[in-house]
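In the working numbering, the protein residues as written are 482 to 803. Idealized CB from N, CA, C, for every residue including glycine. All figures in this text were calculated on a predicted structure; none of them were measured in a lab.
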Amino acid sequence: MKSYEIEKDKDGKRGVADMAWAIAIAAALVLAYLGIGLVFARRAIDPPRRLYKDVLREELECGNLKDDTLLQLPFQQVSGQSVRGCPLVARLYRPKEKSARYVLFLHGYNYPYISALKYLSLFLERGINVLIPDHAGAGESGGRYATFGYFEQQDAVNWLGRIRGWARDEGFSAAQIGVMGESMGAATALLVAQKAKGLRFCIADCPYPSWMAILRYRARVEIGPWAVGFIPAARLWIYLLSGARVKKVDIAAHAGEIGMPAMIIHGEADDYIPWALSHKIIEANPAIAYHLIPGARHAQSIGRAPTEYREIVWQFLDQAGF
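Here's what the structure looks like:
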């Protein structure tokens with residue numbers, strides 16, 4: 482009887498030990514999963530900040546800019562504050578004659594205002610003011626995290642309010658405003674177009690249809706198909722670090738709410754955000770004009786086909802009465 486009880490006691494202890502090991506292994510796996518998710522999250526929203534000189538070099542090398550003369554254009558530097566509380570810096574470029582017409586240009590992911598210089602002549606030559614803010618976490622603006630349009634759209638709406646105030650101060654009854662963006666800025670512009678009232682047009686160059694879509698695509702391309710499985714953990718960390726909710730940034734889901742003239746331009750050779758992704762927005766709202774630029778890579782359509790690009794944009798602006 483004693484021998485049986487001893488064996489039973491040993492079995493019980495082994496069971497407890499096995500359970501402890503199982504719990505320890507499960508905890509280690511969970512911690513590893515969350516740890517890899519944290520790495521992915523930081524990679525997505527907290528990249529090393531690009532310097533202006535590096536952006537300029539890249540724009541010159543890819544042919545988007547022929548030289549650095551656009552840096553010499555006069556501008557008015559203005560300051561603002563993000564909804565996240567950090568300071569924002571923007572540059573206001575004015576045409577020769579006073580005008581109530583403005584374009585708010587939103588730059589791409591970690592690619593500050595210099596990336597927008599290549600578009601300036603499209604608007605200044607038509608007598609349109611151009612405001613180019615650096616997003617929070619980019620350029621000379623404060624802050625840290627890129628949220629793929631989640632907070633950037635709210636900051637953009639605040640810039641629209643500033644523009645309306647400037648127009649009133651200059652004696653105009655109201656400002657006429659359009660919005661344009663590139664890459665992340667293009668997606669943000671489309672989000673703004675869904676919500677902001679009184680905009681005259683929206684132009685989006687190489688946008689993505691949702692934050693989830695671009696997160697999945699870039700994870701597969703940059704890391705491997707297995708990385709997609711860590712996106713739920715990355716989403717959790719993105720929220721904990723920045724307060725942004727990935728699933729809330731869904732341009733295609735609400736594309737039908739865009740009632741103003743809108744247009745998407747995309748490079749056919751774009752392998753960073755493939756044109757098939759932006760076309761999902763068109764599938765959701767066929768009223769949005771769509772143009773593919775043959776041979777153009779990501780955010781390089783205007784450099785690849787400057788004459789065609791100008792014709793496309795100016796014809797669109799004419800049709801929009803702008």
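- Under the three-state reduction of DSSP output, residue 770 falls in the strand class.
- In its chain, beyond the 5 residues on either side, 700 have a beta carbon closer than 6 Å to the beta carbon of residue 708.
- Between the stretch 581-593 and the stretch 629-644 there are three or more inter-stretch CB-CB distances shorter than 8 Å, so the stretches are counted as touching.
- Residues 772 of the same chain have their beta carbon placed closer than 6 Å to that of residue 793, with the five preceding and five following residues left out of the count.
- Excluding five sequence positions before and after residue 744, the CB atoms of its chain that fall closer than 6 Å to its own CB belong to 684, 770 and 797, given in chain order.
- For residue 658, the enclosing beta strand (DSSP E) covers residues 657-663.
- Distance between residue 759 and residue 633, taken at the CA atoms: about 19 Å.
- Taking 3 residues as the shortest admissible run, the stretch 709-758 contains the following complete beta strand (DSSP E) segments, listed from N- to C-terminal end: 743-748.
- With fewer than 16 neighbouring CB atoms inside 10 Å of its own CB, residue 737 falls in the exposed class.
- One alpha carbon belongs to residue 680, the other to residue 674, and they sit about 7 Å apart.
- For residue 620, DSSP records no beta bridge to any residue.
- The stretch 606-615 and the stretch 559-573 touch, with no fewer than 3 CB-CB distances between them shorter than 8 Å.
- Residue 664 and residue 653 have their C-alpha atoms roughly 32 Å apart.
- The three-state secondary structure of residue 563, taken from DSSP, is coil.
- In the DSSP assignment, residue 551 falls outside any alpha helix (DSSP H) and carries neither an H nor an E.
- Scanning its chain for C-beta atoms nearer than 7 Å, with the 5 sequence neighbours on each side dropped, one finds around residue 595 the residues 533, 536, 537 and 540, in chain order.
- Under the three-state reduction of DSSP output, residue 518 falls in the helix class.
- Boundaries of the alpha helix (DSSP H) around residue 783: 782-785.
- About 12 Å separates the beta carbon of residue 687 from that of residue 588, a gap too long to meet the 8 Å contact definition.
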